[in-house]
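Participant: Quick note on numbering: the working numbering labels position 114 of the sequence shown as 1158, and the sequence is numbered without any gaps. Here's a structure for you.
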Amino acid sequence: QLDVPNNESHTSMSNAKFPSDLADSMLSQFDSDRHAMYRLISRLMEGNAFTRYKPNQKPKSRYVWCSMLLDSIMYSLDKEHKEATKPRGHLPTMEIQQVVKGGVPNILDQHFSNKQDRTKMQNMAFSIVTPDATLHLSCKTEKDRDDWVNGLLFIMWMLRNNDDGKVEEFYYWYCNRQKVSRQSMVFN
């Protein structure tokens, strides 16, 4: 969980700091293979189909993606609606306080009475928590869940630690990913 910012005028997480161990982990991934992380972010921008859970409602299929500017996590009914209509909802990236692997406590309890089913689903579920809303999702595989959690945490870290142009470097890579070689993107 991120430290809550001391900002009297707005509850934005823009000045929230990552816990040092999480920031160190993201920096290590950035330093060791930023291109793998960039590919992961581009997959999040393309989006994926999930099952969304809400308290006291039936699970529903939702298509979720990260906006082009990395400023929102957006969702719609399906992939076709992503391109054709306004999203059903969004969570501002800078307001994300927590990405919970396995989902927040008790959300799956309402939907799975069998403990085995609930445990299996926890391996594929995660929750995105903001001050105003929480998006509870499950993936088709544990690897998809891990990729989305890691990608979301990396985006959050990158946006909050952009004093040296990490986001601009990502955009350069993204716009030129077919033409850019690994050697041309080596920076000191």
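No residue lacks a Cβ here, since even glycine has one placed at the ideal position from N, Cα and C.
(1) Would you kindly report the start and end of the unbroken beta strand (DSSP E) that includes GLY1133?
(2) I need the DSSP call for ILE1289, collapsed to helix, strand or coil.
(3) What are the boundary residues of the alpha helix (DSSP H) that LYS1159 is part of?
(4) What residue range is occupied by the uninterrupted beta strand (DSSP E) comprising ILE1085?
(5) Does the distance from the C-beta atom of GLY1195 to that of GLN1166 stay below 9 Å?
(6) Which of helix, strand or coil does DSSP assign to ARG1221?
(7) What is the DSSP secondary structure of GLY1147, reduced to helix, strand or coil?
(8) Quick one: measure Cβ to Cβ for PHE1198 and LEU1084, integer angstroms, because I've assumed they're closer than 8 Å.
(9) What's the call for GLN1141, buried or exposed, on a 16-neighbour Cβ count within 10 Å?
(10) Less than 9 Å separating the beta-carbons of LYS1062 and ARG1204?
(11) Report the rounded CA-to-CA distance for HIS1079 versus LEU1088, giving the unit in angstroms.
(12) Can you tell me whether PHE1094 is helix, strand or coil according to DSSP?
(13) Taking the C-alpha atoms as reference points, what is the distance between SER1120 and ASP1208?
(14) Considering only the beta carbon of each residue, do LEU1114 and VAL1173 sit closer than 9 Å?
(15) Could you tell me which residues DSSP pairs with ARG1106 in its beta bridges?
(16) Just reading off the beta strand (DSSP E) that LEU1179 is part of, what are its end residues?
(17) Could you give the residue range of the beta strand (DSSP E) that holds MET1118?
Facilitator: The short version:
(1) First-last of the beta strand (DSSP E) with GLY1133: 1133-1136.
(2) As shown, the chain starts at 1045 and ends at 1232. That puts residue 1289 outside it, with no answer to give.
(3) Per DSSP, LYS1159 belongs to the alpha helix (DSSP H) from 1159-1166.
(4) Not the beta strand (DSSP E): ILE1085 falls in the alpha helix (DSSP H), residues 1064-1090.
(5) Taking 9 Å as the Cβ cut-off, GLY1195 and GLN1166 do not qualify as a contacting pair.
(6) If DSSP states are grouped into helix, strand and coil, ARG1221 belongs with coil.
(7) coil
(8) 7 Å
(9) buried
(10) Looking at the sequence itself, residue 1062 is Phe, so the reference to Lys does not match. It is a contact, given that the beta carbons lie within the stated cut-off.
(11) 14 Å
(12) strand
(13) Straight across, the Cα-Cα distance linking SER1120 with ASP1208 is about 34 Å.
(14) no
(15) PHE1094
(16) 1178-1182
(17) 1116-1120
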